[in-house]
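Residues are numbered in the numbering used here as their position in the sequence shown, beginning at 1, plus a constant of 215.
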Amino acid sequence: MEVMASADALILATPTYHGGMSGLVKNALDYAEDLRGRRAPYFSGRPVGLIALAQGAQGGASALASLRTTVHALRGWPTPLGVAVDTSRTRFDPDGRCQDPHIQSQLEILASQLVDFASCRTVRSLPGANTEPAWA
216 MEVMASADAL
226 ILATPTYHGG
236 MSGLVKNALD
246 YAEDLRGRRA
256 PYFSGRPVGL
266 IALAQGAQGG
276 ASALASLRTT
286 VHALRGWPTP
296 LGVAVDTSRT
306 RFDPDGRCQD
316 PHIQSQLEIL
326 ASQLVDFASC
336 RTVRSLPGAN
346 TEPAWA
């Protein structure tokens, strides 16, 4: 929990089971309840990249939707792009490198969005930065 609480950004990746995230990932996210008493509870304001791996396109899309809903409930900011990896088509080499140029490109965009959003969040937390929301 301390690692999640202190992270500038998070990446959540899950295999899919019957169109949803794995029970293990859901259980881990449920433990984020332990972060509720903090000054910035749960994943408050943190960008969260989402990746779902499924045997086919439909399961990955469904799992991304449920991950997105859960991250919103935990006050996190899911990146605009979530990556659904069709494991029946996409291959990784023994060192874990993606062999599908399209999926590799999506993973790079996801990483870029995380870095960009985390950088914005870091700048807002610097001394003297305007931390009031625009609507205040």
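Even glycine gets a Cβ: it sits at the ideal position worked out from N, Cα and C.
Open item on the list: Contact between the segment 220-229 and the segment 262-278 is defined here as three or more beta-carbon pairs at a separation below 8 Å; is this criterion met?
Closed with: With the rule of 3 Cβ pairs closer than 8 Å, the segment 220-229 counts as touching the segment 262-278.
Task: Identity of the residue in 303, 279, 302 nearest residue 294 by Cα - done: Translated into the one-based positions of the sequence shown, residue 294 becomes position 79. Put simply, of 303, 279, 302 the residue whose alpha carbon is nearest the alpha carbon of residue 294 is 279.
Open item on the list: With DSSP as the reference, identify every bridge partner of residue 265, one or two as the case may be.
Closed with: On the sequence shown, residue 265 is found 50 positions in, with the first residue counted as 1. Answer is 227, bridged to residue 265.
Task: For residue 220, the three-state DSSP class (helix, strand or coil) - done: The sequence position of residue 220 within the sequence shown is 5, counting from 1. For residue 220, the three-state secondary structure derived from DSSP is helix.
Open item on the list: Just list the residues that DSSP pairs residue 307 with in beta bridges.
Closed with: For the purposes of this step, residue 307 is taken as residue 92 along the sequence shown, with counting starting at 1. Answer is 313, bridged to residue 307.
- [ ] Identify whether residue 232 lies in helix, strand or coil by the three-state DSSP scheme.
- [x] Numbered from 1 along the sequence shown, position 17 holds the residue referred to as residue 232. Strand, per DSSP.
TODO: With a threshold of 16 other CB atoms inside 10 Å of the CB of residue 300, please say whether the residue is buried or exposed.
DONE: Locating residue 300 in the sequence shown gives position 85, counting from the first residue. Residue 300 should be labelled buried.
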